[in-house]
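Residue numbers (my numbering): 107 to 370. The C-beta atom is built at its ideal place from N, Cα and C for all residues, glycine as well. Heads up, the thing below is written out as structure tokens.
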């Protein structure tokens, strides 16, 4: 099957040139010019069995049948005997004809070895199934591990961001809340109102990092005259992303509490 193609691939793998294999075959008495080698490799013709086996030896092919696609069956699924199997059958017939009792011994040994082979085959199937199951469990465990999130206790300020009542942020009573770990977060604060929709909604809980520096476009928690606001930091002041609300001018009264780094 695909003799020419396989011969060419084997020659290239063995790092033998067309001229070199031609010389080897010619020295062994075969008619094998370089053009003949090319004809064989292009499957325009086929080498004689002797030349074919000589090339296999030169290329280091140890299992000729397997290399050239033999799997023991014809295209219609029926068994195709190789030479060794054919010889074994001929020997069995010879024994059957001249030593009938010998066939009983052969049959007994064959039945015993067949039974052993069946057991080994079942064990191999069992082990393969076990390995596949282990792989499935490892995959499931990995998926579960990826879903498990490290939890942490954070200081939580209730829904005060965007609040309108007056207060002193430093005196706001706080509580604690368990939430998935967010690197850099110092506390969690609740959103009150819709001035930052559609990105932040009433009732959202936000991770906040304490900082005194912001970049234009960042969202932070600010206080102005004892009022707390969730706003975007803009060049000219604090921006409300909800167009129904006015922006706030940047004044000395604006104090930055922290930068929003994510939602719970």
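- Task: Evaluate residue 153 with the Cβ neighbour count: other Cβ atoms within 10 Å of its Cβ, from every protein chain shown; 16 or more gives buried, anything less gives exposed.
- Result: buried
- Message: Within 10 Å of its beta-carbon, does residue 297 have 16 or more other beta-carbons around it, so buried, or fewer, so exposed?
- Response: buried
- Query: From what residue to what residue does the beta strand (DSSP E) around residue 335 run?
  - Reply: 333-339
- Query: Ends of the alpha helix (DSSP H) at residue 158?
  - Reply: 155-165
- Query: So residue 317 is in the alpha helix (DSSP H); what residue range does that whole segment cover?
  - Reply: No alpha helix (DSSP H) holds residue 317; DSSP gives it neither H nor E.
- Query: Would residue 301 pass as a contact of residue 348 if the rule is Cβ separation under 8 Å?
  - Reply: yes
- Query: Just to confirm, are residue 136 and residue 157 a CB contact at a threshold of 8 Å?
  - Reply: yes
- Cβ shell of residue 149 (< 6 Å), same chain only, five flanking positions each side left out: 110
- Query: From residue 227 to residue 180, what distance separates their C-alpha atoms?
  - Reply: 23 Å
- Task: Since I believe residue 356 is in contact with residue 342 (beta carbons under 8 Å), could you give me their beta-carbon distance rounded to a whole number of angstroms?
- Result: 6 Å
- Would you mind working out which of 262, 317 and 234 sits nearest residue 282, comparing C-alpha positions? 262
- Message: If the criterion is Cβ atoms closer than 8 Å, does the pair residue 315 and residue 328 meet it?
- Response: no
- Would a C-beta distance cut-off of 8 Å place residue 140 and residue 113 closer than the cut-off? no
- Task: Within the same chain, show all residues whose beta-carbon is closer than 8 Å to that of residue 294, passing over the 5 residues directly before and after it, in chain order.
- Result: 260, 261, 262, 263, 283, 285, 311, 312, 313, 314 and 370
- For residue 208 versus residue 215, is the C-beta spacing smaller than 8 Å? no
- Inter-residue Cα distance where the pair is residue 172 and residue 236: 29 Å
- Message: Relative to the C-alpha of residue 368, which candidate in 317, 331 and 306 has its C-alpha closest?
- Response: 306
- Item | Collapsed DSSP secondary structure at residue 126 in the structure displayed | helix
- Message: For a test of the three-state rule: what should DSSP assign to residue 219, helix, strand or coil?
- Response: helix
- Item | Integer Cβ distance of residue 292 from residue 299, believed to fall under 8 Å | So it is not a contact: roughly 23 Å between Cβ atoms.
- Considering residue 285, what are the terminal residues of the beta strand (DSSP E) in which it resides? 281-286
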